[in-house]
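Shown next, in C-alpha cells, is the structure this report addresses.
Protein chains: 4
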Amino acid sequence: MARLAERRKRLVTSMMKQGIYEAAVAVLTRYGLEGTTMDRVAEQAEVAKGSLYKYFQNKVELLQFVHERLLEPLRESSQEILDEDLSALPKLEALLRHWFEYLQEHRGLFNFFFVDHAVRALLRDHDRTGRTSAVQDLALIIRQGIEEGGFRRVDVSLTAELLFGAVRDVCEQRIETDAALPIDQLIEGVMDFFQHGVGADE
Amino acid sequence: MARLAERRKRLVTSMMKQGIYEAAVAVLTRYGLEGTTMDRVAEQAEVAKGSLYKYFQNKVELLQFVHERLLEPLRESSQEILDEDLSALPKLEALLRHWFEYLQEHRGLFNFFFVDHAVRALLRDHDRTGRTSAVQDLALIIRQGIEEGGFRRVDVSLTAELLFGAVRDVCEQRIETDAALPIDQLIEGVMDFFQHGVGADE
Amino acid sequence: MARLAERRKRLVTSMMKQGIYEAAVAVLTRYGLEGTTMDRVAEQAEVAKGSLYKYFQNKVELLQFVHERLLEPLRESSQEILDEDLSALPKLEALLRHWFEYLQEHRGLFNFFFVDHAVRALLRDHDRTGRTSAVQDLALIIRQGIEEGGFRRVDVSLTAELLFGAVRDVCEQRIETDAALPIDQLIEGVMDFFQHGVGADE
Amino acid sequence: MARLAERRKRLVTSMMKQGIYEAAVAVLTRYGLEGTTMDRVAEQAEVAKGSLYKYFQNKVELLQFVHERLLEPLRESSQEILDEDLSALPKLEALLRHWFEYLQEHRGLFNFFFVDHAVRALLRDHDRTGRTSAVQDLALIIRQGIEEGGFRRVDVSLTAELLFGAVRDVCEQRIETDAALPIDQLIEGVMDFFQHGVGADE
DNA sequence: CATGAATGAGTTTTCATTCAT
DNA sequence: GATGAATGAAAACTCATTCAT
C-alpha cells in the first residue's frame, strides 16, 4: 500500500515536472531568458508559483532541468545515428543534417542553450552541456574516420572542437539573420570544407 | 584661452570615459553582464552614479562604448596585418596568432562581447560588431588566397564564417577551461585543418 | 468550496484595494500629487511596495482608481437627483447643494481631481472625467429648463460650461481659503446669478 | 565710481534675469512644468546652470519670477482698460476680449499659471496671483455697474468670482480641446449669460 | 500538499543643488 | 563672478523567494 502511494507520488512528480518543463520552454521561446520569470512559468504551467519551488529548489535548478530535458532527445537521436553502421563521412553528414533540422524546429531555444554565455555561466557546474556532448559526438566520428582510414591522423579533440565551432556559428548565423541558405547547400559546404579544407591540394 | 579650456575639458572628458571604461571592464569581468549594474560601475569608478549619465546617456550606450573601445585596437592591428605584403597563408597565420594573443590578454571580457547572445542582441544595431569585422577580415584573406591560386574556389563567405566559428570556439574553450594547449600548437592545428580538412589525400 | 475560496479572494482583493485607496487619498491630501510616491502610499497602507503593483499595474492606474472611486458616489447621487421629478430650477439647486456638501466632505482631494491640470493630463484618456460628467449633468438641466419654458433658448453647452466654471471656482475658493460663506448663502447667490445675470432688467 | 559700478551691476543683473525669464518661458511652453528642468532653462538661456542660482535662490523663486513677469503686462493693460472712461458693460467686454487674446497668444503658459494646481501650490505664498488680481478687476467693474445703475445689487465678490470661474473655464476648454468657437461668439455668449442669466424674462 | 499574496532588495534613470576651478 | 562637472537622494517598477492559510 505504501508502495502504491509511493509510486503514485513519483508519477505525479514526474508529470508535474514535465508540465513545468513544457511551460518553461514555451516561455523561454517566447520571452527569452531575461523575460523568463517564475511568474510566467507558473502561469503558463497553470500551477501555483509556490509549487515550482516544490519541484525545483530555485530558478537555476529549473533551468538546468529544462536544459537537460531539452537536449535529451537530441542526444538520443544523435546516439542512434552514431550507432548506425555507416562510414564516418555519411554518418557525419547525417548527424549534421539532424542537428540543423532539430535546431530549425527549436530555433527559439537554441540561443539559450548552445550559445548564450549567461546560460552557460548559470549552468556552469552542470555536467554534460549540449556543447560538450556534441563535441564528443563529433570526436567519435572523427576517430572512426581515422580508424577507417578515410581521415588523416589529426588531433581528434581539437578538430572536433573546430568543427563544432564552425557548425554552431552557421547555426547562429541562420537564426539571427533568418538567413535563407537551404540546409542541403549548407551541409554540402560544411562537408566540403571539413573534408578538404581550403588548400588547392597538389 | 577658450582654446585651452576647451582642450582641458576634452581631456577631462576623455579621462573620465577611460576611467568609467576601466571600471566597467572590471565589473564585467568580475560579475558578468547580469551582475553589471550602474551602481557597481559607479562605485568601481569611484564616481557618483549620476556622473555615469553625464558621459553616457544610458547603460546600453556605456556597454557599446566598452565594446567599441575593447575591439578598436584589435581591429587596427588586424588591419595592419591585412595590409602586409604576405601571401594568404602566412597572413592568416599571423592574424590568428594575433587574435589568440589579444584574447589571452583580455580573456575576462571576451565572453561578453564575442560570445554572449544577450550582449549581441543589445549591440545588434551597432555598426561593425567585432564579429562581422572579423569574418570580413577572414573573407578578405580567403579571397586573396583564391586569387593567388593557393586556395580552391570555395564559397568565400561561408568558409569565412566556418573558420571564424571554429576559431571562436577554441578561444572560448581556452578561456572557459583555462585550457593549456599552447598557442603554437593551436595555430598549427587550426592551419592544418583549414588547409587540408580531414580527408585522407587520395 | 472553490466558490468560497473564490469569494474570499475577491473580498480580500477588494479590501486591499480599499486600503490602498484610503492610503492614496491620505497621501494625496497630505503631500499633493507631486509628493505622492508609491513608497509613501505603500508605507501609509502598511503594505510592501511590490504589493501595490499586484493590485494596480502602475501609478497611473492607481490614480485612476482613486479618481474613479472618489467620484463614483457623487455621480450616482447626482444621477438620482437628475432623475427626480422636479422642474429645472429646484433640480439645479438640489444638485448644487449636493455638490457643495460632497466637496465639503472631501475637500482635500477636490483639487487634484477637478482642478489640477497635471492630473487631468494624466487621466486624459479616462472615459468620463468628473468634469465632463458634471458639465453634462448641467447641460441636461438647462435643456430641461428650456423645454419647460422656464429658461431662455441659450447656447446649452456654452452655458453649462460657464455655470460649471463658476461653480467650480467658488468650490476651489472655498477649499483654498477655508472660506466661511455658508452653503445656503452660496447657493442663493449662484442661483440668483444663474437665473437673472447681473443686468438690471428693464 | 562705486556708483557707476553699482549701476552697471544692477543693469547686468536685470538683463540676466530677463534672459533667464525668456528662456524659462520658452522651456515651459515647450516642455510643460514637469519638463522644465534647471538644465534646460540654463541651456536655453545660454548661461551656466550655476548662474541661475546666482540670480534666483532656487527653482521655486525662478518660477515665481516668471509668473510675476508674465502677468505684469496683462495686469498693466488690464489696468488701462479699467481706467478708461467706459460704462461697465463695454468695459467688461473690452477686458474679456483682451484676456482671451492674451491667452490665445500665451496658450502654452496659461495652464501653468492660471489652472495648474501644482503651480498654485508652488506659488502659494505669492502675493497677488493672476487669479486674485483678475477677480478684483472684475469686482471693480461690477461695482461700477451697480453704481451706474446698470447692474443689480448683487454680492460683488461672489459674482466676480463666479464670472471669473466661468471665463476661466471656457479658456481652459479652448486650450485643451483646441476648440474652434471664435472669440467674438464666445464673448457674445458670455456677455449674454452675464447680463441676463438663463431665466426667461417674465 | 498546493497556493498565491506579500515581500523588499535591487534596477535604471532623473535632476535640484553645490562647489572647486 | 561665471562655470558646469559632480553629487546622491529619490522615483517607478521588477521579481526570486517565502510562508500563512
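Protein chains in written order, with our numbering: chain A, 3 to 204; chain B, 3 to 204; chain C, 3 to 204; chain D, 3 to 204.
Glycine residues also receive a C-beta, built at the ideal position from the N, C-alpha and C atoms.
In this text the structure is predicted, and so the values were computed from the model without any measurement.
Just the Cα atoms here: how many angstroms apart are E174/B and M40/B? Near 27 Å, if we compare the C-alpha coordinates of M40/B and E174/B.
Note down, in chain order, every chain B residue with its Cβ under 7 Å from the Cβ of V172/A. Per Cβ cutoff of 7 Å: E163, L164, G167.
Partners in chain D for Q197/C, counting only beta-carbon separations shorter than 7 Å: Per Cβ cutoff of 7 Å: G199, V200, G201.
Report back the beta-carbon spacing between L165/A and L140/A to the nearest angstrom; my notes put them in contact at under 8 Å. L140/A and L165/A do touch by the CB rule: their CB atoms are close to 5 Å apart, below 8 Å.
Below-8 Å beta-carbon distance, I22/A vs any chain B residue: So no, I22/A is outside the interface.
Look up G201/D in the DSSP assignment and give the residues it is bridged to. The partner list for G201/D (beta bridge, DSSP) reads F153/C.
Would you mind telling me which residues of chain B sit closer than 9 Å to R32/A, beta carbon to beta carbon, in chain order? The contacting residues do not exist; R32/A stays about 15 Å from chain B at best.
Please classify T39/C: does DSSP put it in a helix, a strand, or coil? Note: T39/C maps to coil in three-state DSSP.
Any chain A beta carbon closer than 8 Å to I177/B: No, no contact with chain A.
With a threshold of 7 Å on Cβ separation, who are the neighbours of F207/B within its own chain once the five nearest residues in sequence on each side are excluded? Absent from the model: residue 207/B. The displayed extent of chain B is 3 to 204, so no value can be given.
Which class does G52/B belong to by DSSP, given the choice of helix, strand or coil? The answer is helix: DSSP assigns G52/B an H, G or I state.
Cβ contact (3+ pairs, closer than 8 Å) linking the segment 149-164 of chain B and the segment 142-159 of chain A: By the C-beta criterion, the segment 149-164 of chain B is judged not to be in contact with the segment 142-159 of chain A, since fewer than 3 inter-stretch pairs fall below 8 Å.
Looking only at its own chain, which residues have a Cβ that is under 7 Å from the Cβ of L54/D, when we skip the five neighbours before and after it? Cβ-Cβ distances below 7 Å link L54/D to I22, M40, V43, A44, L64 in the same chain, with the five nearest sequence neighbours on each side left out; the list follows chain order.
Residues in the same chain with beta-carbon distance under 6 Å from K93/D, minus the five sequence neighbours each way, listed in chain order, please. Cβ within range, chain order: I143.
Whose C-alpha, out of F102/D, V68/D, Y57/D, K56/D, is nearest the C-alpha of A28/D? Nearest option by C-alpha distance: V68/D.
Residue range of the alpha helix (DSSP H) that P184/C falls in? Per DSSP, P184/C belongs to no alpha helix (DSSP H) and is neither H nor E.
At a Cβ cut of 8 Å, what residues of the segment 132-157 of chain C count as close to chain D, listed as they run along the chain? Listed by position along the chain: I144, G147, G151, G152, F153, R154, V156, D157.
So that I know if they touch, is there some Cβ in chain B lying closer than 8 Å to that of G37/A? No, because no Cβ of chain B sits closer than 8 Å to the Cβ of G37/A.
Residues of its chain near G37/C, where Cβ-Cβ distance is below 7 Å and the 5 sequence neighbours each way are ignored: Within the same chain, G37/C has no close Cβ partners at all.
Proximity to H108/A [Cα-Cα], best of G201/A, T31/A, D194/A: If we check each option's Cα against that of H108/A, T31/A comes out closest.
Chain C beta carbons: is any one of them nearer than 8 Å to that of I189/D? No, I189/D does not count as interfacial toward chain C.
Which term fits I185/C, buried or exposed, when burial requires 16 or more other beta carbons within 10 angstroms of its beta carbon? Of the other Cβ atoms in all chains shown, fewer than 16 fall within 10 Å of the Cβ of I185/C; this residue is therefore exposed.
Taking the continuous alpha helix (DSSP H) assigned at S89/D, which residues delimit it? If you look at S89/D, you'll find it isn't in any alpha helix (DSSP H); DSSP assigns it neither H nor E.
CA-CA distance, E204/D and H198/D? At E204/D, the pLDDT of 48 sits below 50, so the modelled position is not reliable and the matter cannot be decided from this model.
Length of the line joining the Cα atoms of L91/C and D194/C: When rounded, the distance between both Cα atoms is 11 Å.
Contacts around R176/B, its chain only, beta-carbon distance under 6 Å, and the 5 residues preceding and following it disregarded: Excluding residues up to 5 positions away in sequence, nothing lies with its Cβ nearer than 6 Å to the Cβ of R176/B in the same chain.
Tell me whether the beta-carbon of V169/B lies closer than 8 Å to the beta-carbon of L98/B. Yes, these two residues count as a Cβ contact at 8 Å.
Distance, G167/C Cα to L84/D Cα: Cα to Cα, the separation comes out at about 24 Å.
Below 8 Å on the Cβ atoms is my contact criterion, and I expect A47/B with A25/B to pass it. Report the Cβ-Cβ distance as a whole number of Å. Taking 8 Å as the upper bound for CB-CB distance, A47/B and A25/B are in contact here, some 3 Å apart.
Same chain, Cβ closer than 7 Å to R77/B, neighbours up to 5 away in sequence not counted: These residues qualify, in order along the chain: S135.
When W101/A, S89/A, V192/A are compared against Q146/A, the one with the closest alpha-carbon: Selected option, being the one with the closest Cα: S89/A.
Output yes or no for whether 8 Å exceeds the beta carbon distance between E163/D and V137/D. For E163/D and V137/D, yes; Cβs fall inside 8 Å.
If we cut at 8 Å on Cβ distances, does V192/C have a partner in chain D? Yes - at least one Cβ of chain D is within 8 Å of the one on V192/C.
7 Å Cβ cut-off: residues of chain A touching L160/B: Within 7 Å of the CB of L160/B, the CB atoms of chain A belong to G191, in sequence order along the chain.
Rounded C-alpha distance that separates K19/A from E70/A: One C-alpha to the other measures close to 12 Å.
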